[in-house]
Structures are given as structure tokens and as C-alpha cells.
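When we follow this note's numbering, the leftmost residue of the sequence shown carries the number 62, and every step to the right adds one.
Here's the structure we're looking at; comments come further down.
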Amino acid sequence: MANDEQQLNQIEAIVDKVSSQDGYFFISESEDGVFLTVFPPHGTGMPVSKATVLENLASRQIKGYDTDLIEATLAEAPGLPIKIAAATAILNQVQAEPRIDISLSLDKMEAEIEIEVAHAGEVLHMDTVLEKIQQANIRFGIDQKALEEACASPGRRVIFARGIRPQNGRDAYISYLVDVEKKAQPKELDDGRVDFKDLGILTQVSQNDLIVEKIPAAAGKPGIDLWGRRIEGRHGKDIMLPTGKNVKLVDCSKMLAAIDGQVTLENEKICVIPVIEVDGDVDLSTGNIDFKGNIIIKGSVQSGFSVKAGGDVEIGGTISGGTVEARNITVKQGIVGGKDSIVQAEEDVFATFVQNAKIVAGRDIKIKNVIINSNLNSGHFVWATGDNGAILGGNICAGEEIFAINIGTDISGNTDLRVGVNPVLREEYQKLKVDLKKVEEDLDKMGKTTKFLRSIARQQLSTEKQKNLLQLTQAEFHLRGQKENIHKRISEIEEALENMRFGRIKVKECLAAGTKVMIGALRKPIRTDVKFVKLFVDQGDIQITSFH
């Protein structure tokens, strides 16, 4: 950058210098006599000296010139040829003039010269060449050595002048701060191995993350042509930011994400989408998927692979031994468990069937058909509601209600049902109680300290003590807000636990013998098949009544 500015300053200086030029002259010889043409200086330039003219006349062996007339011509510098000697004073006059051909490029940035003389070994005076150059209006970039080379090499074309070409400014361009065209590539682990399940195929951003930035166009740099004219360099071209969906512009040069999501390139536009779609299965072709928004999988989640979403997950096929974590999970077909696999939702899980699976839901688990030998735990309901809705073996736990068409069989293994209990809520409840006690103790200590500091006259407090008082006051305010939030959450959990006291199990057709039932802390084994029943707690015991 510093070199660019230095070069620009040099060019500016050259352009300015063109307007300040020394005076110059040339001497021409013809049959009519010897003529002196003198041009005046410009700006701070120096005039032509008499000694220089006389030296030139001597080198050309010209005698009999009028010295007074030369002095007058130098003083006036009219720019017109003035006769200073008669033709008879010309010695060794060349009968045939040399041919001097000068050509300029179309952009006036380069000039060539070719010289031809009538007689071999003939001496060509530089003044004659310079006169031709002056007539061609070439004022800048003349290379004296190139001219001497041209004079010494008759018949050869020589480039003898070059201008300074202007430089066009750099065009604006887009700097991508995220990878918008990610290609699947296994993640390299610290020990040198690669994780083929972590391909990093998604580019995720959070709201207000900077995605792309436009680097503005730069100004051009001026040049000078052979006529001494300043030629401006073209300013760089601007470019439009590729603004697509769910992005926002800042200062017309920065593009930020307007939402959390995945960065994609659609029709050459940068977009942030809150949902991603997987056309097939989640397997080695995709690797594991971890996305802040919603995920739609048209195929299945294969064994050993995981899908994590900050939003909802919809799966067109099955979960076949894979792990899925999301806010809500919908599986169009079924869930088949596997080693270490789990399906966990903050809110609800929906599926057609479940087999040998572990499912945890903050609210409800709703299965259309059978639940076979599975471990289900929900905050509110577990329902198997379709025509073939059944719970056959496994451990089913619900905060409020378990409902199925049929529950338990002789061949399905043990079926354990438990309602009115939410271990997650109870664990959170106990932790909140501990947290509340600690916050109250801290508040008590802070209250005593601030009360003591406030009892001292403010002017008696040192600067350090005043600073401590301010910090304690701020911390106390923060803890009071924390205490209020803990109280609020405790109340919500107590209300939920209260509702669980009325936990129930409903079986539309048959509750098979051998099923174990637990409502709250009460237990009841089912020794014979019962049909169309509802189980609940009344007067300290589990009651069995008609479903209706």
C-alpha cells in the first residue's frame, strides 16, 4: 500500500512538472541560409543560453553568423525561425536531407523512430532529430540513449519514447467469511485418525453472524501520454452483494444472518435457511448432522449415526439404531433401537411403531401401533392410539397417563407401567431447592455487608470501599432476580407434580396378567387379564374401574 501511494505521488509530481519546462532551440539549414528557432521556458524552467547555441554552431562548422541577432533572438524567444547566417556560410552542406520517420501508437503511449541518410557514414545532428520530435508534439518520456541508438543505426526502427500508462482501479469483490459450498470431508481427530461420521457438510450461522463482506472498488492511478497530458485511470467497478433470503445488509457492504440457520447458495444468492433437507438416509454419505434449526430427512437414520437439531426433526423412513435429539421428533415409519441409541425430544415424539428402543420426551410420546420391549419415559403422556396400538413388554413411564388398546402378553416379557412420576422433574426440583437455599444465604451475607457500609457516612468511605459497595449492590440486585426465577420454576414443577398425583392408566381392550403397575408410590400386580379398564389412585390405593 505504501509503495502504491509513493508511485502515485511520483506520477502526480511528473504531471505537475510537465507545466514547468526549460526553453529549447534548434538550428536548421537550407539553401536560404541558417535559421535559429528559440522557444521560451515555461513556469520555473531555464531559458536557452548563448553559450549552448554557439557550441552547437561550432559543432556543425557553421560560421559567419550574426552574434547580435543571436542574442536578440535568445532574449525574445519568439518560437519562429530567425536567419542568423547566409547560405554561403554553410560548410559541408548536405545536398540530400535525411529521412526521419516518427510514428505514435494510437493511445499516444509509445513512439518509434526510423532514420535513413542519403550517404553512408553521413553524420546526423541530434538537433535535426529533436526538431522532428518537436514537430510531432512529443514532450514526455523521451529516451536520449534510444535516440542516439537510432542515429547510429540508420534504417532500424527504435522505440524512443514511452508514456506512463494509467492503472485501472481494482474492482470491488466479495470476501466470503463462511464456506457457502461445503464439500463432505471427514474430520481429522487430534490423534491423526479421521471421523467418517463427521463430514461437516453444513455451514451453520447464528443470528447477526457476518457471512460476507464487500471489499470496495479502488480508485485508478493517473498516467501521462507522450504529449504530456494527464490520463486518468478508471475507477474500479462496483459489485452487488448476493443478497438472498433471511440475510440483512449493514452499510451496504456487510451481509449478516437475520436468523439462526444454514448458509446456502441459491441462484447465486446467499441465503440462510431455518430448515435443511436430506434427500436420502443419514449414513456415510452425509455423516452425523448437527443443526440449529429444523431437519427433514426423507430417508432413514441408520445405525451408529446421530441427528441433533435445535428445532424439529421429521424422518420419512425409520430410526434404525441411530440417535436423534430435537425439540419435536416425527418418524413416519418406526423406531428400532440399537446399542447406545436414544431418541430424545424436549417436547413430543411421534412414530408408527417402536421396538427395542429408548425414548425420552419432555411432554408426550404418541405411537400409532405397537411398542415392543422398549424403554419410554415422558413428562405427560404415553399413548399407543391406533387400531393396533399395544404395549408389549418393556418399561413405560409417564408423568400423567399411559393409554393403549392392549397392554402386555404372555410372550412379550415383563411389561412395567409407571405413572404419576417424572424423575427428571423431581431431580430438577431437588436441585432448585438446593440452589434456592444457596442464593438466600448469599443474599443474607450481602445484605449485612451493604447495611454496614451504608451505615458509615459516605464521605468517610474510601474510594475502594465505595467501589465495593457499588459492586455488592449490583450483585444483590442480580441475585434477587435469580431468586425470583427459581421460585417461579419451583411453582411450575410443583403444579406439574400435583397433577401427577392423579396419574392414570387406560386400556381400551385388554390389560394382560403379569403386567406390573405403579402409580406414584403405590404398586399393583395384575394377576388376571382385565378388559376395558382405567387404573388410578383413590383413598390410598390403586383402583380399577371401567374404561368408560
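Each residue gets a CB set at the ideal place from its N, CA and C atoms; glycine is no exception.
The structure presented is a predicted model; accordingly, all values stated were derived computationally and were not measured.
### Task
Give me the Cβ distance between F96 and G140, rounded to the nearest whole Å; I'm assuming they're in contact under 8 Å.
Contact doesn't hold; Cβ gap of about 12 Å is too wide.
### C-alpha distance - P108 paired with A138, whole-angstrom precision
A straight-line Cα-Cα distance of about 9 Å links P108 and A138.
### Task
Label Q154 either buried or exposed according to how many other C-beta atoms from any shown protein chain fall within 10 Å of its C-beta, with 16 as the threshold for buried.
Note that Q154 scores a pLDDT of 46, beneath 50, so its modelled location is shaky and nothing firm can be said.
### Query
Hey, is the region 317 to 328 in contact with the region 341 to 350, meaning 3+ C-beta pairs nearer than 8 Å?
The region 317 to 328, when compared against the region 341 to 350, does not touch it at the 8 Å Cβ threshold.
### Task
Below 8 Å on the Cβ atoms is my guess for G341 versus K359; work out the distance and round it to an integer in Å.
Sure, about 7 Å apart at Cβ, within 8 Å.
### Query
Where does the unbroken beta strand (DSSP E) through A146 begin, and where does it stop?
Note, A146: beta strand (DSSP E), 142 to 146.
### Query
Below 8 Å between beta carbons: does that hold for G395 and T384?
Judged by beta-carbon spacing, T384 lies beyond the 8 Å limit of G395, meaning their Cβ atoms are not closer than that value.
### Message
Between the region 220 to 235 and the region 275 to 284, can you find at least three pairs of beta-carbon atoms closer than 8 Å?
### Response
Because the criterion of three Cβ pairs below 8 Å is met, the region 275 to 284 and the region 220 to 235 touch.
### Query
To which residues does DSSP link D610 through a beta bridge?
The chain is shown only over 62 to 609; residue 610 falls outside these bounds and no answer can be derived.
### Query
Under the three-state reduction of DSSP, which class applies to N438: helix, strand or coil?
Residue state, collapsed to three classes: strand.
### Message
Could you compute how far the alpha carbon of L437 sits from the alpha carbon of E274?
### Response
The alpha-carbon atoms of L437 and E274 are separated by roughly 49 Å.
### Query
So A422 packs on G399, CB below 8 Å; how close in whole Å?
In this structure A422 does not touch G399 by the C-beta definition: roughly 19 Å separates them, more than the 8 Å allowed.
### Task
Tell whether a beta-carbon distance below 8 Å holds between C571 and N417.
It is not a contact, given that the beta carbons lie outside the stated cut-off.
#### Entry: Neighbourhood of Y85 by C-beta, 6 Å cutoff - its chain only, sequence neighbours within 5 removed
Taken in chain order, the residues that qualify are F100.
### Query
Using 8 Å as the Cβ pair cut-off and three pairs as the minimum, do the region 290 to 309 and the region 367 to 375 touch?
No, the region 290 to 309 does not touch the region 367 to 375.
### Query
If you scan the region 282 to 341 from start to end, which runs of the alpha helix (DSSP H) of 4 or more residues do you find wholly inside it?
Whole alpha helix (DSSP H) segments, 4+ residues: zero.
### Task
Would you give the residue range spanned by the alpha helix (DSSP H) that V362 belongs to?
Careful: V362 lies outside any alpha helix (DSSP H) and carries neither H nor E.
### Query
Run through DSSP, which three-state label would N389 get?
Correct three-state label for N389: coil.
### Task
Measure the CB-CB distance between Y610 and A146 and report whether it falls below 8 Å.
This structure does not reach residue 610, given that the chain is present from 62 up to 609, and the question cannot be answered.
### Query
Would you report the Cα separation of K258 and I428, rounded to the nearest angstrom?
Low confidence applies to K258: its pLDDT is 45, below 50, so where it sits in the model is not reliable, and the reading given next is rough at best. So the alpha carbons of these two residues sit roughly 29 Å apart.
### Query
Taking C-beta to C-beta, are V480 and I463 nearer than 8 Å?
For V480 and I463, yes; Cβs fall inside 8 Å.
### Task
Could you give the DSSP three-state label for E408: helix, strand or coil?
Residue state, collapsed to three classes: coil.
### Query
Given a threshold of 16 other Cβ atoms within 10 Å of its Cβ, counted over all protein chains shown, does Q527 qualify as buried or as exposed?
It is exposed - the Cβ of Q527 has fewer than 16 other Cβ atoms within 10 Å.
### Query
From D505 to R584, what distance separates their C-alpha atoms?
Cα to Cα, the separation comes out at about 44 Å.
### Message
Relative to the C-alpha of G94, which candidate in T128, I432, K144 has its C-alpha closest?
### Response
For the residues T128, I432, K144, the minimum Cα distance to G94 belongs to K144.
### CA-to-CA distance, G297 to Q205, given in whole angstroms
Going from the Cα of Q205 to the Cα of G297 covers about 36 Å.
### Task
Kindly indicate the opening and closing residues of the beta strand (DSSP E) around T589.
T589 -> no beta strand (DSSP E), and no H or E assigned at all.
### Query
Just how far apart, CA to CA, sit K419 and S402?
Straight-line measurement puts the Cα of S402 at about 7 Å from the Cα of K419.
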